[in-house]
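Which chain is which? The protein sequence lines are A and B, in order. Residues in the first sequence are numbered consecutively from 3, following the numbering used here. Residues in the second sequence are numbered consecutively from 30, following the numbering used here. Each residue gets a CB set at the ideal place from its N, CA and C atoms; glycine is no exception.
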Amino acid sequence: MATGIKDKVAILGMGCSRFGERWDCGSEQLINEAFGEALLDAGIERRQIGAAWYGSALDRVNVGNSAIPLATALRLEGMPVSRVENMCATGTEALRGAAYAVACGAVDIALAIGAEKLKDTGYGGLPVPTKGTLADLWMPYGSAPAGFAQLAAGYRARYRLSPQELKQAMARVSWKSHVNGAKNPKAHLRKAVEMETILKAPMIAEPLGVFDCCGVSDGAACAIVTTPQIAHELGKRESLVTIKALQLSASSGREQSTGEWDGSYVQNTRNAARAAYREAGIDDPRKQLSMLEVHDCFSITELVTMEDLGVSADGQAWRDVMEGVFDADGALPCQIDGGLKCFGHPVGASGLRMVYEHYLQLQGRAGSRQLKNPTLGLSHNLGGVPYNGVCAISIVGLAGV
Amino acid sequence: MAVEAGRDCLRGLSRTSWQALNLASTSAPFADLNHAALVAAALRLNLNVAAMDFASSTRVGLSALIEACRAREGEQLVIAADKRGAKPGSVQEMQYGCGAAALACGSGEAVFARLLGAESLTVPFFDHFRASGQSADYHWEERWVRDEGLAKLVPQAVSALLERLALTPDRITWFGLSGGPARSDAAIAKALKIAPQSLLPDLQAGVGDTGTAHSLLQLLAALERAQPGDIIVIAAFAQGCEVAAFEMIKPLPASARRGLAGSLADRVEESAYLRLLANEGQLELDWGMRAEVDQKTALTQLYRASDQILGLVGGRCSSCGAVQFPRLPNCVNCAASDTQQPYALDEVPARIATHTADWLQYSPAPPLLMGLVQFDGGARLLMEIVDVGADGLEVGTPLSMRFRIKERDRQRGWNRYFWKASPMSAV
C-alpha cells in the first residue's frame, strides 16, 4: 500500500535568481545564481549531491535539450543528471524527481533545478509552439493567452456574469499581485498599478488585456532535498520544511475531445488537488492551508483555480477575489511573492520559485512580505491550456504539522 | 472553393459512387500535383474515382463539363474553381472575381437536364496570358478582343452548334457567355438573333469574371430558372470558343443545396480596400517574428492521417459509441483499444463551446479567432473560426465546417489544408 511522500523528504536549502529581463545573463548564469544560493543555504559541498534533475521547458530558446547543459553549467562531473520537461509544471517535475530519489533511499541528497531563458526570442510572450507532426496538421496554435481566455467565456456563460463583472474580478486578481510584487526584491515587476490601468490595458486575447497576463521572464530556482533524518544530522533542526504532497494530473483528451467540459474550470487542477489533499492529510484546505502560490499565468486562471482547489465554492471565486480573501491581509493569502504575474514566469523555474517562497515564509525569512506563523503552503502549476494540459501541485509545511 | 462547391452539389447524393472528378482551374496552387485528388479526399469520394485536372485556359471549365456529360458510363462530378489574382490598380482587379461551381453528371431517373451537343472552335487568339510562376495576367486591348475576337469567333461556334442540332436561335431560352468584357453577351446575342430576355446574369458586377467557374455558374443560374423543354446555351470564349447546348427535361428538384443564389446571399462583406489588398497578399506587411515559425509538413504524417485531415473524418468507438477527433489508438472516453471506426464530421451540426480572439499570435487576417467546437453527437475539437460577421461569437453560436488553408509553408510552397468553423448564416 502506497504511503505517499508526506514528511519523507526535507528541504535542505533553496535558491532563486532574480527574475526579469536578464539581458546580461544566459541560462548558465541564472542556474549558477540559484544554485549558489541553495548550496550556501544547505551548508553542504557540491560533491555531497547524489543526483540532479534539471527542468527546462523551451529548450530551443534555452540551452538545448538533455541534462548536459546543467552538468556543464555546474560542472557536475560524473553525477547522474536528468532533464525533465512538462510545460509549466517542469520545475515541480524536477522537484518530484529529486524528492522521490531521496524518499526511496537511492541517494542521500538530490538537487532539483529549473531554469528558463525566455528573453532570447526577440518578442514578447512565449515562443510559437509546435505540437508534433499530427497536431501541426489540424490544431490551431493560438497564443497562451488565447488558450486561457477561453476559460473566461466558459466561466461567464456558466455563472451568468456580465463581461464587466468578470473583467473587474480579473483586474482585482492582478491588482493584488502587483501590490505584493512591489515588496519582492527578486520580482520582475515591482510596481503597484491602479485598477483603472488594468481595466483599460490593450487587449491580448479577449477578454485578457496586457495586465491580465503574467511576466515573461528569465530566471532559475533550485532546491536541495534530503530525508528529515539526514537534515537533522546536518544540523537543520529549526523550522525544518518537509514535503507534504507532490501530485500531478495530465489531460487524456477528455476536456478537449468530448462534450463534458464546459470551460468554467480546469479538471487537472481538481484531480491533482484531490490527490494532494489526500496525500497531505488535508480535509479543509481553506482553513488548513496558510498560503497559496498558484499558476496565475493569466488573471482568469487564478480566479478559476481558487474554485478548482476548493478554497472558493464553485461560482464564488469572483466574489472572494473582490472581497480580498486572497490579499496579503486576507484569510488565505495568495501570490504573496507577486506570483507569476509579478515575480515572473521563467517556465521551467516557476514550480520551484513557488516552493521557494513557501520555504522562506515557513522559516520566517520573507522580509517585508512575511506572513504571520504560516504552517502549510500549496503551490500549483498549470501547463498547456485549460482543456489540454498538465497540473502539478506541491504542498510543503513545517515538519510535524 | 472547389471543395465548398462540391459539398453543396453532393448534398443528398452518395459520396462514393463517382466514376470521375473533373476539376478545372487556371489558378490551382501547384504545378505538379493532382488537385482533383486533393479535392476528392476533402469530399471523401471513393478511392477508385478517376481524378483529372483541367487547366491553362478559362474555357476548360466548360470543357470539363462537356467531357463529363459525354462519358459513356458512371457518374461524373465536375468542379470549376478560380481564385483570380490581379495587380492593384489594374482593370482586371475591377473585373475579376473568385468563385467555384460544381455539377453532377450521369444517367438515369435523377437527371433533370441533358447535353444536346457541344462545339469547339480553336484558334490562336491570345487576348491575355499568364506566364508560369506569374501572379497576374497580361491583357491586350479590349476593343480588339471584342471586335476581332468575340464578335467573330463566338457566333461562328454557336451557329455551327445550332445548325448541327437543327435548332433556330429563337429556340434558345437561356444564353450565357463568359470570357469577354462586360455586355459582350448582349452584343453577341443580338448578332445571333437570340432574344434579349434569354440572357443569363453575367455576374460581372456582383461577382466578377470567375474564369473557368463562370460557365458553370451561368449554367447554375440557368438551371435555377429553367422550365422543362427550355434550351440553355453556354459559351466560353478563350483561344476560340467552347459552346454547349442543354435541354431541361424535368423541373429542378427541391434540395437542401445552397446553389448560386444561396451562395451570393450567404456572405460577409469586406469593403476596406487595404484589408482586401492584405488578404490578397498584395501588401508587404510586417507580420512580426511570430510569423517566422517553420510550417514544414511531414508528408508521411499527412498521408497516414489524410482522411482525418482532408476529410475531417474522426472516429467512433465501437465499444462505447463516443465520437472523437483525432482518431487515436485508444478511445478518449473508455480507453478501449483499436475500436475506432471512421466517422465523418464535416456535415455534423456544431456549436461554439469556448472562444477567444487572439491578437498575439500570427494570423494573416487578425485577430486569430479560435475555440472549442462542440459537434452534435459528442465530438469536440479546437478549431480556428472564420468568416465571423457582425453578430460575433457567443457560447452556443451554431457553426458549419469549411475546408481552408490552415497554414502556408512559404519556404517550400506547400499549403496545409484543414477545416475551420464558420458561424451558420441566418440566410
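### Segment contact flag, the region 68–87 of chain A with the region 136–150 of chain A, C-beta cutoff 8 Å, min 3 pairs
no
### Query
What residues in the region 256–271 of chain A bring their beta carbon closer than 9 Å to a beta carbon of chain B?
Arg-256, Glu-257, Gln-258, Ser-259, Thr-260, Gly-261, Glu-262, Trp-263, Asp-264 and Gly-265
### Task
Examine chain E for any beta-carbon lying closer than 8 Å to the beta-carbon of Met-172 (chain A), and answer yes or no.
Note that chain E does not occur in the displayed structure, where the protein chains are A and B.
### Task
Return the residue from the list B:Asp-367, B:Pro-371, B:Leu-398 and B:Val-402 that minimises the CA-CA distance to Ala-382 (chain B).
Numbered from 1 along the second sequence, position 353 holds the residue referred to as residue 382 (chain B). With distances taken between Cα atoms, Ala-382 (chain B) lies closest to B:Val-402.
#### Entry: For Gly-211 (chain A) and Gly-291 (chain B), the rounded distance between their alpha carbons
Numbered from its first residue, the second sequence carries residue 291 (chain B) at position 262. Numbered from its first residue, the first sequence carries residue 211 (chain A) at position 209. Roughly 39 Å between the two C-alpha positions.
### Query
Based on the DSSP output, what are the partners of Glu-325 (chain A) in its beta bridges?
For the purposes of this step, residue 325 (chain A) is identified with residue 323 of the first sequence, where counting begins at 1. DSSP lists no partner for Glu-325 (chain A).
### Query
Leu-136 (chain A) versus chain B: which residues are under 7 Å apart at the beta carbon?
Numbered from its first residue, the first sequence carries residue 136 (chain A) at position 134. What Leu-136 (chain A) touches in chain B: Gln-330, Ala-334 and Pro-355.
### Query
Trp-177 (chain A): buried (16+ other C-beta within 10 angstroms of its C-beta) or exposed?
Translated into positions along the first sequence, residue 177 (chain A) becomes position 175. Label assigned to Trp-177 (chain A): buried.
### Message
the ligand SAH and Ala-222 (chain A): does the residue's C-beta get closer than 7 Å to at least one heavy atom of that ligand?
### Response
The ligand SAH is not part of this structure, which contains no ligands at all.
### Counted within 10 angstroms of its Cβ, other Cβ atoms place Ala-301 (chain B) as buried (16 or more) or exposed
Along the second sequence, read from residue 1 onward, the residue named residue 301 (chain B) stands at position 272. Ala-301 (chain B) should be labelled exposed.
### Query
What separation, rounded to the nearest whole angstrom, lies between the Cα atoms of Val-140 (chain B) and Arg-286 (chain B)?
Counting from 1 along the second sequence, the entry for residue 140 (chain B) is found at position 111. Counting from 1 along the second sequence, the entry for residue 286 (chain B) is found at position 257. If I take the Cα positions, the gap works out to 16 Å.
### Task
Within 10 angstroms of the Cβ of Arg-158 (chain A), are there 16 or more other Cβ atoms? Answer buried if so, exposed if not.
Position 156 of the first sequence, counted from the start, is the residue given in the question as residue 158 (chain A). Looking at its Cβ environment, which holds 16 or more other Cβ atoms inside 10 Å, Arg-158 (chain A) is buried.
### Query
Near Thr-385 (chain B), what residues of its chain come up, given a Cβ to Cβ distance below 7 Å and the 5 sequence neighbours on each side ignored?
Here residue 385 (chain B) is taken as the residue at index 356 of the second sequence, counted from 1. Excluding sequence neighbours, Thr-385 (chain B) sits near Met-399 and Gly-400.
### Message
For Leu-94 (chain B), report the span of its alpha helix (DSSP H) as first-last.
### Response
Residue numbering aside, residue 94 (chain B) sits at position 65 when the second sequence is read from its first letter. First-last of the alpha helix (DSSP H) with Leu-94 (chain B): 89–99.
#### Entry: Inter-residue spacing [alpha-carbon to alpha-carbon] between Pro-393 (chain B) and Pro-209 (chain A)
Translated into positions along the second sequence, residue 393 (chain B) becomes position 364. Translated into positions along the first sequence, residue 209 (chain A) becomes position 207. Each residue's alpha carbon lies about 21 Å from the other.
### Query
Got a sec, what are the start and stop residues for the alpha helix (DSSP H) His-180 (chain A) sits in?
For the purposes of this step, residue 180 (chain A) is identified with residue 178 of the first sequence, where counting begins at 1. Residues 165–183.
### Own chain, CB closer than 7 Å to Asp-331 (chain A), minus 5 neighbours either side, in chain order
To locate residue 331 (chain A), count along the first sequence from 1; it is residue 329. Here the set comprises nothing.
### Message
By DSSP's criteria, Asn-383 (chain A) is part of a beta bridge. Which residues make up the other side?
### Response
Mapped onto the first sequence, residue 383 (chain A) falls at position 381. Looking at the DSSP assignment, Asn-383 (chain A) forms a beta bridge with A:Ala-394.
### Task
With 9 Å as the C-beta to C-beta threshold (strictly closer), list the residues of the region 137–153 of chain A near chain B in chain order.
Ala-137, Asp-138, Leu-139, Trp-140, Met-141, Pro-142, Tyr-143, Gly-144, Ser-145, Ala-146, Pro-147, Ala-148, Gly-149, Phe-150, Ala-151, Gln-152 and Leu-153
### Query
Is Phe-83 (chain B) closer than 8 Å to Ala-53 (chain B) when the C-beta atoms are compared?
Here residue 53 (chain B) corresponds to residue number 24 of the second sequence, with the count starting at 1. Here residue 83 (chain B) corresponds to residue number 54 of the second sequence, with the count starting at 1. Yes; because the gap between Cβ atoms is below 8 Å, this pair is in contact.
### Message
Looking at the secondary structure, which residues open and close the beta strand (DSSP E) in which Met-430 (chain B) lies?
### Response
For the purposes of this step, residue 430 (chain B) is taken as the residue at position 401 of the second sequence. Per DSSP, Met-430 (chain B) belongs to the beta strand (DSSP E) from 427–438.
### Message
Give me, in chain order, the residues of the same chain whose beta-carbon lies closer than 6 Å to that of Ser-104 (chain B); leave out the 5 immediate sequence neighbours on both sides.
### Response
For this step, residue 104 (chain B) is matched to residue 75 along the second sequence. For the sequence presented, residue 104 (chain B) should be read as Glu rather than Ser. Same-chain partners within the cutoff: Ser-46, Trp-47, Gln-48 and Gly-135.
### Task
Would you grab the beta carbon distance between Thr-197 (chain B) and Gly-128 (chain B) for me? Rounded to a whole angstrom, and I think it's under 8 Å.
By one-based count along the second sequence, residue 197 (chain B) stands at place 168. By one-based count along the second sequence, residue 128 (chain B) stands at place 99. Incorrect: roughly 33 Å between the Cβ atoms, too far for contact.
### Task
Could you check how far apart the C-beta atoms of Ala-1 (chain A) and Gly-341 (chain A) are, in whole angstroms? I think they sit under 8 Å.
Because residue 1 (chain A) is not part of the residues shown, which for chain A are 3 to 403, the question remains open.
### Message
If you measure between the beta carbons of Asp-220 (chain A) and Lys-133 (chain A), is that distance less than 8 Å?
### Response
Counting from 1 along the first sequence, the entry for residue 220 (chain A) is found at position 218. Counting from 1 along the first sequence, the entry for residue 133 (chain A) is found at position 131. Taking 8 Å as the Cβ cut-off, Asp-220 (chain A) and Lys-133 (chain A) do not qualify as a contacting pair.
### Query
Cα separation between Val-368 (chain A) and Val-63 (chain A)?
Within the first sequence, residue 368 (chain A) is the residue found at index 366, counting from 1. Within the first sequence, residue 63 (chain A) is the residue found at index 61, counting from 1. The amino acid at residue 368 (chain A) is misidentified as Val; the sequence shows Ala. So the two alpha carbons sit approximately 32 Å from each other.
#### Entry: Under 9 Å by beta carbon: chain B residues contacting Ala-59 (chain A)
Against the first sequence, residue 59 (chain A) aligns to sequence position 57. By Cβ distance, chain B contributes nothing, its closest Cβ being about 17 Å from Ala-59 (chain A), past 9 Å.
### Task
Note down, in chain order, each residue of its chain lying with its Cβ closer than 8 Å to the Cβ of Ala-216 (chain B), except the 5 sequence neighbours on either side.
Sequence index remark: in the second sequence, residue 216 (chain B) carries index 187 (1-based). Contacts found: Arg-175, Leu-179 and Ala-180.
### Task
With DSSP as the reference, label Ala-320 (chain B) as helix, strand or coil.
As a working mapping, residue 320 (chain B) is identified with position 291 in the second sequence. Helix, per DSSP.
### For Tyr-125 (chain B), the three-state DSSP class (helix, strand or coil)
On the second sequence, residue 125 (chain B) is found 96 positions in, with the first residue counted as 1. In this structure, Tyr-125 (chain B) counts as strand in the three-state DSSP scheme.
### Query
Who pairs with Thr-383 (chain B) in a beta bridge, going by DSSP?
Taking the second sequence and counting its residues from 1, the one referred to as residue 383 (chain B) is at position 354. Partner(s): B:Leu-401.
### Task
Output the distance between the C-alpha atoms of Ser-161 (chain B) and Pro-58 (chain B), rounded to the nearest integer angstrom.
Here residue 161 (chain B) corresponds to residue number 132 of the second sequence, with the count starting at 1. Here residue 58 (chain B) corresponds to residue number 29 of the second sequence, with the count starting at 1. Cα to Cα, Ser-161 (chain B) sits roughly 11 Å from Pro-58 (chain B).
### Message
Taking the beta carbon of Leu-14 (chain A) as the centre, do at least 16 other beta carbons fall within 10 Å, making it buried, or is it exposed?
### Response
Position 12 of the first sequence, counted from the start, is the residue given in the question as residue 14 (chain A). Leu-14 (chain A) should be labelled buried.
### Query
According to the neighbour-count rule (16 or more other Cβ atoms, all chains shown, within 10 Å of its Cβ), is Glu-257 (chain A) buried or exposed?
One-based indexing of the first sequence puts residue 257 (chain A) at position 255. Counting Cβ neighbours within 10 Å, Glu-257 (chain A) comes out buried, since at least 16 surround it.
### Task
Could you say which of B:Tyr-391, B:Ser-347 and B:Gly-418 lies nearest to Leu-128 (chain A) if we only look at CA atoms?
Residue numbering aside, residue 128 (chain A) sits at position 126 when the first sequence is read from its first letter. Cα-wise, what sits closest to Leu-128 (chain A) is B:Tyr-391.
### Message
If contact is defined by three or more beta carbon pairs under 8 Å, each pair taking one atom from either stretch, is the region 265–284 of chain B in contact with the region 104–117 of chain A?
### Response
no
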